[in-house]
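K.L.:
Handing you a structure now.
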Amino acid sequence: MTHSNIDRRTALRLGLGASAAGLFVATGGLALADAISSAKIDGSPEMAKGVQKSGKLRIGFSNGFSGNTWRTECLTSMQSEAKANADKYDLIVVDGQGDISKQVNDIEDLISQNVDALLCIPNSSTAVVPALRKATRAGIPTIPFNLPVEGENWTAFIGTDPKRKGATTGKALNGFLGGKGKIVALGGLPGNSYTADCWAGAQTQFGPGIEVLAFKDASWQEDKAKVVMADLIAAYPEIDGIWCDGGQDAAGALKALIAANRPLVPATGDDYNGLFKLYDAEKEKNPKFKIGCVSEPSWEGVVALRTAVKLLSGQDVPKRQIIDPILIDGSNYQQFMKKDLPDGVFVDTLLTDEELKKLFS
Numbered sequence: 001m002t003h004s005n006i007d008r009r010t011a012l013r014l015g016l017g018a019s020a021a022g023l024f025v026a027t028g029g030l031a032l033a034d035a036i037s038s039a040k041i042d043g044s045p046e047m048a049k050g051v052q053k054s055g056k057l058r059i060g061f062s063n064g065f066s067g068n069t070w071r072t073e074c075l076t077s078m079q080s081e082a083k084a085n086a087d088k089y090d091l092i093v094v095d096g097q098g099d100i101s102k103q104v105n106d107i108e109d110l111i112s113q114n115v116d117a118l119l120c121i122p123n124s125s126t127a128v129v130p131a132l133r134k135a136t137r138a139g140i141p142t143i144p145f146n147l148p149v150e151g152e153n154w155t156a157f158i159g160t161d162p163k164r165k166g167a168t169t170g171k172a173l174n175g176f177l178g179g180k181g182k183i184v185a186l187g188g189l190p191g192n193s194y195t196a197d198c199w200a201g202a203q204t205q206f207g208p209g210i211e212v213l214a215f216k217d218a219s220w221q222e223d224k225a226k227v228v229m230a231d232l233i234a235a236y237p238e239i240d241g242i243w244c245d246g247g248q249d250a251a252g253a254l255k256a257l258i259a260a261n262r263p264l265v266p267a268t269g270d271d272y273n274g275l276f277k278l279y280d281a282e283k284e285k286n287p288k289f290k291i292g293c294v295s296e297p298s299w300e301g302v303v304a305l306r307t308a309v310k311l312l313s314g315q316d317v318p319k320r321q322i323i324d325p326i327l328i329d330g331s332n333y334q335q336f337m338k339k340d341l342p343d344g345v346f347v348d349t350l351l352t353d354e355e356l357k358k359l360f361s
């Protein structure tokens, strides 16, 4: 497989569209090595102060949970990055298993191990704040990524803007429905701030004719979303659209409609391959079926690692690094869909097709 680098301006000239620029080429090949450098990452004017560390570094990563394939891709990418830089640092990974108390204990344990920097994907935007504050006071740079943390008791943040993403998907769903219809909404882990912010952004884009029948947590897991949606189908005879912040939830919900012999309706999600494959297979049979998806790059953890290394080399970095995600809909999904790879793949990734096949076989 040949991997090509393509910047956004070149992509526009080739007719791929701004949404595909920097990450994909028409042949389906990922611009792997340059995906990060080609992506648009908006750095805040406020800078985080670097600290000079000598010798081999120890970087801790508190993963809030590892229960879906996005987390698997993210961690695998981080481990590959760490392996390529094994002479510079060791990566120490702990898994909170979806338990907020365990994650707090994990972070405190990493502090007691005197790690040089601490990365985390928080299960809660508030519960981890005291532990991160403790790390910061101990002189340990803290870098939450993917899911935001409240306040300023951290060194640098890397991720997408969930409110902006929610507004984008909300606008898409509202447009698909012509500003009126009955919808259900499915979110991620119970209580997570990312879903809350996405949903808040989405609701700003709904017309007065949009009626929200129910909002349910589905933990970003396809099987769980299918069960949740089956209950919603039983409760509501008319569902015109499905808002989700995760493609796994959307795919599970749509499969529940299929199982109930109900027509497929417009849905939102992210860059979950199973959603694109489902759309490709069912769109001709379901004329009202449309998708509006915004990617969540599984390489955010690699950006976080590189940010930690920069900080520990004495370089200042932007306190907030907001990734501009890809918009994927019926007009361009074929540029991203990977028919020969499992549903669980997230396509905005640094991993090659061969690595993804091995990872999810």
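Residue 310 in the UniProt record's numbering sits at position 310 of the sequence shown, with consecutive numbering throughout.
Ideal Cβ placement from N, Cα and C applies to all residues, glycine included.
(1) Can you give me the C-alpha to C-alpha distance between Thr168 and Ala202, rounded to a whole angstrom?
(2) Can you give, in chain order, each stretch of the beta strand (DSSP E) that sits fully within the region 308–355 and has at least 3 residues?
(3) Since Thr69 sits in a beta bridge, which residues does DSSP pair it with?
(4) Can you tell me the Cα-Cα spacing of Thr69 and Val347, whole angstroms?
(5) At the level of alpha carbons, what is the spacing between Lys53 and Val93?
(6) Are the beta-carbon atoms of Met229 and Phe276 separated by less than 7 Å?
(7) Excluding the five sequence neighbours on either side, which residues of its own chain have a C-beta within less than 6 Å of the C-beta of Gln321, listed in chain order?
(8) If you follow the alpha helix (DSSP H) that Phe176 is part of, which residue opens it and which one closes it?
(9) How far does the alpha helix (DSSP H) with Trp199 in it extend, from its first residue to its last?
(10) Go ahead and label Asn123 buried or exposed: buried means 16 or more other beta carbons lie within 10 angstroms of its beta carbon, across all protein chains shown.
(11) Could you please give the first and the last residue of the uninterrupted beta strand (DSSP E) stretch that includes Pro130?
(12) In terms of residues, what are the limits of the beta strand (DSSP E) holding Asn63?
(13) Excluding the 5 residues flanking Thr27 on each side, which residues of the same chain have their C-beta closer than 6 Å to its C-beta?
(14) Quick one: complete beta strand (DSSP E) runs, 3+ long, within the region 267–296?
(15) Under the DSSP definition of a beta bridge, which residues are partnered with Trp243?
(16) Checking 7 Å against the spacing of the C-beta atoms, do Lys226 and Ala256 come in under that value?
(17) Quick one, are the C-beta atoms of Ile242 and Ala253 less than 7 Å apart?
(18) How long is the line joining the alpha carbons of Ala48 and Gln335, rounded to whole angstroms?
(19) If we count the other Cβ atoms within 10 Å of its Cβ and call it buried at 16 or more, is Pro144 buried or exposed?
(20) Buried or exposed for Tyr236, please, with buried defined as at least 16 other CB atoms from any protein chain shown within 10 angstroms of its CB.
(21) Within a Cβ cutoff of 6 Å, which residues of the same chain sit near Glu211, ignoring the five residues on either side of it in sequence?
(22) If you count every other CB in all the chains shown that lies within 10 Å of the CB of Asp197, and 16 or more means buried, which is it?
(23) For Glu211, which three-state DSSP category applies?
(24) The ligand SAH and Val149: does any heavy atom of the ligand fall closer than 6 Å to the residue's C-beta?
(25) Sort Thr307, Val149, Trp199 and Asn332 by Cα distance to Val317 and report the nearest one.
(26) Can you list, in chain order, the residues of its chain whose CB lies under 7 Å from that of Phe206, leaving out five sequence neighbours each side?
(27) Quick one: what does DSSP say Gln52 is sitting in, helix, strand or coil?
(28) Let me know if Phe289 comes out buried or exposed under the rule of 16 or more other beta-carbons within 10 Å of its beta-carbon.
(29) Between the alpha carbons of Ala84 and Gly178, how many angstroms are there, rounded?
(30) Pull up the CB-CB distance for residue 364 and Val129, whole angstroms please, since I reckon it's below 8 Å.
(31) CB-CB under 8 Å to Lys339, same chain, minus the five flanking residues each way: which ones, in chain order?
(32) Is the Cβ-Cβ distance between Leu57 and Tyr89 less than 7 Å?
(33) Looking only at its chain, what residues have a beta carbon closer than 6 Å to the beta carbon of Asn286, apart from the 5 residues adjacent to it on each side?
(34) Put Ala39 into one of helix, strand or coil per three-state DSSP.
(35) By Cβ distance below 6 Å, which residues in the same chain neighbour Asp95 in space, the five residues on each side in sequence not counted?
(36) Just how far apart, CA to CA, sit Lys357 and Tyr272?
P.N.:
So, from the listed chains and residues:
(1) Here residue 168 refers to the residue found at position 168 of the sequence shown. Here residue 202 refers to the residue found at position 202 of the sequence shown. Their backbone Cα atoms lie some 7 Å apart in a straight line.
(2) 320–323 and 327–329
(3) To locate residue 69, count along the sequence shown from 1; it is residue 69. According to DSSP, Thr69 bridges with nothing at all.
(4) Counted from its first residue, the sequence shown places residue 69 at position 69. Counted from its first residue, the sequence shown places residue 347 at position 347. Distance between the alpha carbons of Thr69 and Val347 is about 11 Å.
(5) Numbered from its first residue, the sequence shown carries residue 53 at position 53. Numbered from its first residue, the sequence shown carries residue 93 at position 93. Near 21 Å, if we compare the C-alpha coordinates of Val93 and Lys53.
(6) Numbered from 1 along the sequence shown, position 229 holds the residue referred to as residue 229. Numbered from 1 along the sequence shown, position 276 holds the residue referred to as residue 276. In this structure, Phe276 does not lie closer than 7 Å to Met229 by Cβ.
(7) Mapped onto the sequence shown, residue 321 falls at position 321. Closer than 6 Å at Cβ, skipping near neighbours: Ile41, Gly43 and Ile158.
(8) Here residue 176 refers to the residue found at position 176 of the sequence shown. Element bounds for Phe176: Pro162 to Phe176.
(9) In the sequence shown, counting from the first residue as 1, residue 199 sits at position 199. Segment Ser193 to Gln203, the alpha helix (DSSP H) holding Trp199.
(10) In the sequence shown, the residue the question calls residue 123 occupies position 123. Classification of Asn123: buried, given that the 10 Å Cβ count is 16 or more.
(11) What you label residue 130 is simply residue 130 of the sequence shown in a count that begins at 1. Here Pro130 belongs to no beta strand (DSSP E); instead the alpha helix (DSSP H) covers Val129 to Arg137.
(12) Along the sequence shown, read from residue 1 onward, the residue named residue 63 stands at position 63. Where Asn63 is concerned, the enclosing beta strand (DSSP E) stretches over Leu57 to Asn63.
(13) Indexing the sequence shown from 1 puts residue 27 at position 27. With a pLDDT of only 25 at Thr27, under 50, the local geometry of the prediction cannot be trusted, and the value read off the model is given with reservation. Contacts found: none.
(14) 267–269 and 291–294
(15) Mapped onto the sequence shown, residue 243 falls at position 243. According to DSSP, Trp243 bridges with Ala185.
(16) If you number the sequence shown from 1, residue 226 lands on position 226. If you number the sequence shown from 1, residue 256 lands on position 256. Cβ distance < 7 Å, so Lys226 and Ala256 count as in contact.
(17) As a working mapping, residue 242 is identified with position 242 in the sequence shown. As a working mapping, residue 253 is identified with position 253 in the sequence shown. For Ile242 and Ala253, yes; Cβs fall inside 7 Å.
(18) Start at 1 with the first residue of the sequence shown, and residue 48 comes out as number 48. Start at 1 with the first residue of the sequence shown, and residue 335 comes out as number 335. Their Cα atoms are separated by approximately 37 Å.
(19) Here residue 144 refers to the residue found at position 144 when the sequence shown is read from its first residue. Answer is buried; the Cβ neighbour count reaches 16.
(20) Indexing the sequence shown from 1 puts residue 236 at position 236. Exposed, because fewer than 16 other Cβ atoms sit within 10 Å of the Cβ of Tyr236.
(21) Taking the first residue of the sequence shown as 1, we reach residue 211 at position 211. Closer than 6 Å at Cβ, skipping near neighbours: Lys182.
(22) By 1-based counting over the sequence shown, the position of residue 197 is 197. Under this definition Asp197 is a buried residue.
(23) Within the sequence shown, numbered from 1, the residue matching residue 211 stands at position 211. Note: Glu211 maps to strand in three-state DSSP.
(24) Looking for the ligand SAH in the displayed structure turns up nothing, as the structure carries no ligands at all.
(25) Along the sequence shown, read from residue 1 onward, the residue named residue 317 stands at position 317. When only C-alpha atoms are compared, the closest one is Thr307.
(26) Residue numbering aside, residue 206 sits at position 206 when the sequence shown is read from its first letter. Gly170 and Asn174, listed in sequence order.
(27) To locate residue 52, count along the sequence shown from 1; it is residue 52. Of the three classes helix, strand and coil, the one that applies to Gln52 here is strand, per DSSP.
(28) To locate residue 289, count along the sequence shown from 1; it is residue 289. Buried is the call here.
(29) The residue given as residue 84 occupies position 84 in the sequence shown. The residue given as residue 178 occupies position 178 in the sequence shown. Their backbone Cα atoms lie some 50 Å apart in a straight line.
(30) What is shown of the chain runs 1 to 361, which leaves residue 364 out entirely.
(31) The residue given as residue 339 occupies position 339 in the sequence shown. Excluding sequence neighbours, Lys339 sits near Lys277 and Asp280.
(32) Here residue 57 refers to the residue found at position 57 when the sequence shown is read from its first residue. Here residue 89 refers to the residue found at position 89 when the sequence shown is read from its first residue. Yes; because the gap between Cβ atoms is below 7 Å, this pair is in contact.
(33) In the sequence shown, counting from the first residue as 1, residue 286 sits at position 286. These residues qualify, in order along the chain: Pro263 and Leu264.
(34) By 1-based counting over the sequence shown, the position of residue 39 is 39. Residue state, collapsed to three classes: coil.
(35) On the sequence shown, residue 95 is found 95 positions in, with the first residue counted as 1. For Asp95, where only same-chain residues beyond five positions count, the Cβ hits under 6 Å are Asn63 and Ser66.
(36) Residue 357 sits at position 357 when you count from the first residue of the sequence shown. Residue 272 sits at position 272 when you count from the first residue of the sequence shown. One C-alpha to the other measures close to 15 Å.
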